[in-house]
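In my numbering, the protein residues as written are 19 to 133.
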């Protein structure tokens with residue numbers, strides 16, 4: 019008989035089960051897609067497309083991507099009215115602002131995306 023993950027979790031002490039449930043919920047809440055960001059701002063793909071200089075169907079493709087250039091992400095965030103900041107967190111240090119992507123993100127060609 020195979021043991022499922024659900025069975026394994028049920029066999030753990032209650033406090034461990036609660037911690038797993040809490041961390042799972044936290045991870046799910048942290049995961050927000052570009053589509054979620056756009057919808058939260060009450061914008062459509064058609065409204066964002068001209069701001070990015072692309073067609074609506076390309077916005078759809080962009081929102082489904084798993085891997086994206088920082089410069090593209092910065093442009094998308096800017097199109098929905100936000101600013102992108104890149105922050106690194108280590109367990110033993112205060113968060114470090116690595117760069118302010120509004121000014122310093124580079125495009126794939128290596129030039130500044132604001133040039």
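All residues carry an ideal CB built from backbone N, CA and C; glycine is no exception.
As for any beta strand (DSSP E) of minimum length 3 sitting wholly inside the region 34-59, there is none. Counting C-beta pairs closer than 8 angstroms gives fewer than three between the region 62-82 and the region 34-43, which falls short of the contact rule. Residue 94 places its beta carbon less than 8 angstroms from that of residue 70. In chain order, 114 place their CB closer than 8 angstroms to the CB of residue 108, counting only its own chain and leaving out the 5 sequence neighbours on each side.
Non-local C-beta neighbours of residue 98 in its own chain, meaning closer than 7 angstroms and more than five positions away in sequence, comprise 55, 56, 59, 61, 66, ordered along the chain. For residue 105, no alpha helix (DSSP H) segment is defined; the enclosing uninterrupted segment is the beta strand (DSSP E) at 103-106. The Cβ-Cβ distance between residue 52 and residue 81 falls below 8 angstroms. The three-state secondary structure of residue 61, taken from DSSP, is coil.
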